[in-house]
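A.B. asks:
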Amino acid sequence: MTRTFLALNLGPELQAFLGRAIARGTHLLPAARWVEPTSLHVTLAFLGELSDEQLAQAIEAGEAAARQVPPFSYRLTGLGTFGPARAPRVIWMGIEDPSGQMLTLQQALVRELQARGFPPEARPFSPHLTLARLKAPLSREEQQALQRLLYEIRVPTSLPEQTVESLDVMKSELSRAGARYSCLHRVHLASPESNSS
């Protein structure tokens, strides 16, 4: 069984910027579980534990969805949190999808997965990058540190947009040190390769 998800991985410029944000966050909130910058990704669909046959179906769904969407770009917007103000669970970086193609790709992927027997996504798609997970509730000092972090980290206008040219089928391995991710299969968006399969 393979713990599987489909995602968009980041280029080096966004990884470097987010690495600096994570370093600052690690200093201000050391108790949070911060993600390694090289592990950052935009999850389009989390599938859980899959058999080899299901994994092949997931790859097929990814290929079919990728054929429907040309390459596109997105940009980072700023930090936010999921969960109540006093007990947030996640610190995330927001994403703006000006062309709407990320949503188009995610919806195509959900349709292709459902056509192959995968259950629909339980939550609506909210594009973001998870930077850290928090143990709730936060102390007063931790709440203040979080507010300082949210105030300090700004996305510079000089930061380039992220161009998306591929969709990755990813494997997640859980350990005490955290999750490790590896790419099992890469599918290029609207490419001649995927159109000919």
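Numbering (our numbering), first residue to last: 1 to 197.
Built from N, CA and C at the ideal position, the CB exists for glycine as well.
This structure is a prediction, so every number in the text was calculated from the model and none was measured.
#1: Apply the 10 Å Cβ neighbour rule to Asp-168 and answer buried if 16 or more other Cβ atoms are within range, or exposed otherwise.
#2: For Tyr-151, is the classification buried or exposed, using 16 other Cβ atoms within 10 angstroms of its Cβ as the cut-off for buried?
#3: Near Ala-190, what residues of its chain come up, given a Cβ to Cβ distance below 8 Å and the 5 sequence neighbours on each side ignored?
#4: Buried or exposed for Thr-4, please, with buried defined as at least 16 other CB atoms from any protein chain shown within 10 angstroms of its CB.
#5: Output needed for Gly-80: all residues of its chain with C-beta closer than 7 Å, excluding positions within five of it in sequence on either side, in chain order.
#6: Whose C-beta lies closer than 7 Å to the C-beta of Ala-108 among residues of the same chain, with five residues either side of it excluded?
#7: Can you list, in chain order, the residues of its chain whose CB lies under 7 Å from that of Glu-53, leaving out five sequence neighbours each side?
#8: If we ignore side chains and look at the alpha-carbon of each, how far apart do Lys-135 and Ala-87 end up?
#9: Among residues of its own chain, excluding the 5 on either side of Pro-137, which ones have a beta-carbon nearer than 8 Å to its beta-carbon?
#10: Who are Met-170's beta bridge partners in DSSP?
#11: At the level of alpha carbons, what is the spacing between Phe-226 and Ala-132?
#12: Gln-162 lies in the beta strand (DSSP E); which residues open and close that run?
#13: Closest by CA to Ala-21, which one among Glu-112, Gln-101, Val-155 and Arg-89?
#14: Taking C-alpha atoms, which residue in Glu-36, Thr-38, Ala-45 and Ala-23 lies nearest to Pro-242?
#15: Which one or two residues does DSSP pair with Ser-73 in a beta bridge?
#16: Cα-Cα, which of Thr-77, Pro-124, Leu-28 and Val-42 is closest to Met-170?
#17: Return the bridge partner residues of Phe-267 from the DSSP annotation.
#18: Spatial neighbours of Tyr-181 within its chain, please: CB distance less than 6 Å, with the 5 preceding and 5 following residues excluded, ordered by chain position.
C.D. replies: The relevant details are as follows:
#1: By one-based count along the sequence shown, residue 168 stands at place 168. Buried, since its Cβ has 16 or more Cβ neighbours within 10 Å.
#2: Position 151 of the sequence shown, counted from the first residue, corresponds to residue 151. Result: exposed.
#3: Position 190 of the sequence shown, counting from 1, holds the residue named residue 190. Excluding residues within five positions, the ones whose Cβ falls inside 8 Å are Ala-66, Arg-67, Gln-68, Val-69, Pro-70 and Pro-71.
#4: As a working note, residue 4 is residue 4 in the sequence shown. So Thr-4 counts as buried.
#5: To locate residue 80, count along the sequence shown from 1; it is residue 80. The residues are Trp-92 and Gly-94.
#6: Position 108 of the sequence shown, counted from the start, is the residue given in the question as residue 108. Closer than 7 Å at the Cβ level, and outside the excluded window around Ala-108, lie Ala-65, Gln-68 and Val-69.
#7: Mapped onto the sequence shown, residue 53 falls at position 53. Excluding positions up to five away in sequence, the list is empty.
#8: As a position in the sequence shown, residue 135 is number 135, starting the count at 1. As a position in the sequence shown, residue 87 is number 87, starting the count at 1. One C-alpha to the other measures close to 8 Å.
#9: Here the question's residue 137 lines up with position 137 in the sequence shown. Closer than 8 Å at Cβ, skipping near neighbours: Arg-86 and Ala-87.
#10: Stepping through the sequence shown from its first residue, residue 170 is reached at position 170. Under DSSP, the beta-bridge partners assigned to Met-170 are Phe-5 and Cys-183.
#11: Beyond the ends of the chain as shown, which are 1 and 197, falls residue 226; an answer cannot be given.
#12: Start at 1 with the first residue of the sequence shown, and residue 162 comes out as number 162. Going by DSSP, Gln-162 is part of the beta strand (DSSP E) stretching over 162-164.
#13: The sequence position of residue 21 within the sequence shown is 21, counting from 1. Of Glu-112, Gln-101, Val-155 and Arg-89, the residue nearest in Cα terms is Val-155.
#14: Any answer about residue 242 is impossible in this case: the structure gives the chain only from 1 up to 197.
#15: The residue labelled residue 73 in the question sits at position 73 within the sequence shown. DSSP, once it has assigned bridges, lists Thr-163 as partnering Ser-73.
#16: Locating residue 170 in the sequence shown gives position 170, where the first residue counts as 1. Nearest C-alpha to Met-170: Val-42.
#17: This structure cannot speak to residue 267, because the chain is shown only from 1 to 197.
#18: Reading the sequence shown from its first residue, position 181 is the one you call residue 181. Within the same chain, Tyr-181 has close Cβ partners Ser-39, Met-170 and Ser-172.
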